[in-house]
Each structure stands twice: as structure tokens, then as C-alpha cells.
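Here full-length UniProt numbering is used: position 246 in the sequence shown is 246, and no number is missing along the way.
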Amino acid sequence: MESIVEKMLDDINGVPVRTVKSFMTKIPSVFTGTDVINWIMKNMEIDEQEALRVGHLMASHGYFLPIDDHCLTVKNDNTFYRFQTPYFWPSNCWEPENTDYAVYLCKRTMQNKTRLELADYEAENLARLQKMFSRKWEFIFMQAEAQSKVDKKRDKLERKVLDSQERAFWDVHRPMPGCVNTTELDIKKACRSKPMIKSSVHYKIGVACGRISPTQVDPTCNNPTAEKLQKNIDMLKQRLDRRNIKISKVAEA
């Protein structure tokens, strides 16, 4: 996927990127949905429907982004999109912490820009994180304040681009409700790729809530001796014979 994006970024044969003038402002480094779909159709030799699927897949992984929407998808129209910086590409194996997300959201509240206002779900996430990290919120706030000061020193157009790219990064890793989370690990694939951990004699472990966690492998588990098996049988018999009597509080009173 990234090799295709690199071809798209080519100055001569790639997707045409430009700065668009809109009323009294400039929109830097953008291209339209039609531009990218036409490029995919031409260079991959596929029809429009397939090109839309490819474009949506690339957008959902954060390789390019709508400039004013949290939903990472692509449409074959004049909606403006922007390429993500390679620094934020998924191949860099990002696993951002909740503290990083808290700093980002906190920083957004310090910047009095309409385009940086928190969406409803982001405001809820911020309130939840503030409660979660109440003991170190002062440290998080200080980090956000320091980052905000650095951002204010940047060129206006550069800041617009970086703000949208950072927002898209978090839209990939903390997607809005109803959007696909492309960073989620498929538990079936994870199980196939990792060898199963044999638990040691697990009935010796008190299991809460019916969940059994894998434990360290007992080296003698594969070749149990007769003595060990007999010991385990005796232990199970003791458990069956043991009586559990529950006395209610009313009866005790």
C-alpha cells in the first residue's frame, strides 16, 4: 500500500497537489477525491468501483485524509484531501498511549480555532481521561501547554497542514464511533501467529469470574509420573468430598 502512496506523491506522475484559494484564506497542499480516484483507475487499470474500494482502504489506514472530517474515507467528488506525512504512517508501528491522547485533546482546547474544536465524542473522551489521570493531570496539562506554544510559532499554512495530519493520526488510532478501527488486532490471527502456551496443572489455580489465564509451562506436564497423577487424583477427590455450607446473614442474626 505504501509503495502506491509513494507513487502518488511523485511530483511529475503523481496525484496533483496544489494550494487552493478560498475567499480570504488559502488551503495548502490539497487534492480532490476525483483526482485520487482517477489516478488509481489510470495507474492500477481498474474500474471506478474498485478504485473507490482501494481509495477507502488507504484513507482508513490514514495515508490520506479529508481536511475537515473525522471520518477517514474517500469520495469521487471535489472534497479536499491531504496526504499524511510518512512520520505518521502505520508502518512505523505506532502504539500511542492514552496519556499521549490526553495531551493532544488538552492541547486542542487551548487553541481558539473553530477547526480545532473538539467533537462531542472527543470531549467525552477528554472528560474520561481527565478522571482516569486525575493524579497526573497537571503534568499532562503542562505538556499540552508546551506543545501549544511550539505550534503557535509555526507558519500559519504549515500549522494548518500539521494540525490536520495530527488529527488524522488520532482518527486512525482513536476513531470516532461507527468508524472502522484499522489498528485493532484480530484475535484469531494473533492466536495463529503465536504458539499456544500450555498451562501447568490449571485446576490448582483459583480462577476468578470463570477466566483462566495462561501460566508458565510446567516442564513435567508433558511426561507426568504415576506418583504425580495419583497426587492430582487425590486432590480432586478431596475437592469433591469437601462440603461448602453457605449461611445467610439473616440466619446468622
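Glycine residues also receive a C-beta, built at the ideal position from the N, C-alpha and C atoms.
Contact belief for residue i with residue j at Cβ below 8 Å, rounded distance in angstroms
| i | j | result |
| --- | --- | --- |
| PRO90 | HIS61 | 6 Å |
| ALA144 | MET176 | No, ALA144 and MET176 are not in contact; Cβ-Cβ is about 21 Å, not under 8 Å. |
| SER148 | LYS107 | 5 Å |
| ILE67 | VAL30 | 6 Å |
| ALA127 | HIS70 | About 18 Å separates the two Cβ atoms, so there is no contact after all. |
Own chain, CB closer than 8 Å to residue i, minus 5 neighbours either side, in chain order
| i | result |
| --- | --- |
| LYS26 | THR19, VAL20, LEU157 |
| ARG154 | LEU162 |
| PHE133 | ASN98, THR99, ALA102, ILE140 |
Exposure of residue i, with buried meaning 16 or more beta-carbon neighbours within 10 Å
| i | result |
| --- | --- |
| THR220 | Its pLDDT being 48, under 50, THR220 is placed unreliably in this model, and the value from its coordinates should be taken loosely. Exposed. |
| VAL150 | exposed |
| CYS93 | exposed |
| PRO28 | buried |
| ASN125 | buried |
| ARG167 | buried |
| LYS160 | buried |
| ASP47 | exposed |
| ASP11 | exposed |
| LEU105 | buried |
| ASP35 | buried |
| LEU236 | exposed |
| CYS209 | Bear in mind that the predicted position of CYS209 carries a pLDDT of just 37, short of 50, making it unreliable; the figure below should be weighed with that in mind. By the neighbour-count rule (16 or more Cβ atoms within 10 Å), CYS209 is not buried but exposed. |
| GLU122 | buried |
| LEU229 | exposed |
| ARG211 | Residue placement at ARG211 is poorly supported in this model, since its pLDDT is 33, which falls under 50; the coordinates still yield a value, given next. Looking at its Cβ environment, which holds fewer than 16 other Cβ atoms inside 10 Å, ARG211 is exposed. |
| LEU72 | buried |
Proximity of residue i and residue j at Cβ, strictly below 8 Å
| i | j | result |
| --- | --- | --- |
| LEU52 | ILE37 | yes |
| PHE64 | PHE169 | no |
| ASP163 | LEU116 | yes |
| THR99 | ILE40 | no |
| LEU9 | PHE83 | yes |
Nonlocal neighbours in the same chain, by C-beta distance under 6 Å from residue i, ignoring five residues either side
| i | result |
| --- | --- |
| VAL180 | SER60 |
| VAL74 | GLY33, GLY55, HIS56, ALA59 |
| ILE4 | none |
| PRO86 | none |
| ASN78 | THR32 |
Same chain, Cβ closer than 7 Å to residue i, five either side skipped, listed in chain order
| i | result |
| --- | --- |
| THR183 | VAL172, HIS173 |
| GLU2 | TRP89, SER91 |
| LYS204 | Since pLDDT at LYS204 reaches only 37, below the 50 mark, its modelled position is unreliable, and the value read off the structure follows with that caveat. If we look at LYS204 and ignore the five residues flanking it on each side, it has no Cβ neighbours. |
| TRP137 | GLN130 |
| GLY14 | LYS7, MET8 |
Within-8 Å CB hit, residue i to chain B
| i | result |
| --- | --- |
| MET110 | No chain B is present in this structure, which holds just one protein chain. |
Problem set entry | Any beta strand (DSSP E) of 3 or more consecutive residues that is wholly inside the segment 2 to 73 | Qualifying beta strand (DSSP E) stretches, in chain order: 18 to 22, 25 to 32, 64 to 66.
Problem set entry | Every unbroken alpha helix (DSSP H) inside the segment 92 to 143 [4 residues or more] | Listed in chain order, they are 98 to 110, 120 to 132.
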